[in-house]
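Have a look at the structure below, then the notes.
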Amino acid sequence: MSQSPPSPTASPVRDPFVEQGLHLMVKPIGPICNLDCEYCYYLHKEELYPRNKSWRMSPQTLRQYIAQYFNAQPSGTA
């Protein structure tokens with residue numbers, strides 16, 4: 293008589309964000325960027341975008357972004 297293979301044990305499904313936290317990156321909004329991505333669709337397109345005083349987010353927006361990022365993390369991971 294042949295034996296059937298052992299049945300796999302089911303693991304409980306876990307929410308990946310609960311244990312690992314949330315990871316993200318701020319994406320540039322225009323052609324001025326300090327990243328060097330091979331797939332960039334902004335390269336050589338500066339003339340297509342309006343001139344701004346600054347392409348950076350304001351300090352207030354950055355503070356809010358960081359606070360929201362920290363608050364989204366599981367307890368004890370940020």
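Numbering of the sequence shown is given in the working numbering, commencing with residue 293 and proceeding in unit increments.
Just so it is clear, CB atoms sit at the ideal spot from N, CA and C, and this is done for glycine as well.
Note that the structure is a prediction, hence the values are computed from the model and not measured.
Kindly list the residues whose CB is nearer than 7 Å to the CB of L354, restricted to its own chain and excluding five residues on each side of it in sequence; keep chain order. Taking the first residue of the sequence shown as 1, we reach residue 354 at position 62. Sequence-distant Cβ neighbours of L354 in its own chain, meaning closer than 7 Å and more than five residues away, do not exist here.
Do you know how far the Cα of A359 is from the Cα of Y331? Sequence index remark: in the sequence shown, residue 331 carries index 39 (1-based). Sequence index remark: in the sequence shown, residue 359 carries index 67 (1-based). Approximately 31 Å between the Cα atoms of the pair.
Backbone secondary structure at P366 - three-state DSSP: Residue numbering aside, residue 366 sits at position 74 when the sequence shown is read from its first letter. In this structure, DSSP gives P366 a state outside helix and strand, which the three-state scheme calls coil.
Below 8 Å on the Cβ atoms is my contact criterion, and I expect C325 with Y334 to pass it. Report the Cβ-Cβ distance as a whole number of Å. Position 33 of the sequence shown, counted from the start, is the residue given in the question as residue 325. Position 42 of the sequence shown, counted from the start, is the residue given in the question as residue 334. Yes, C325 and Y334 are in contact; Cβ-Cβ is about 6 Å, under 8 Å.
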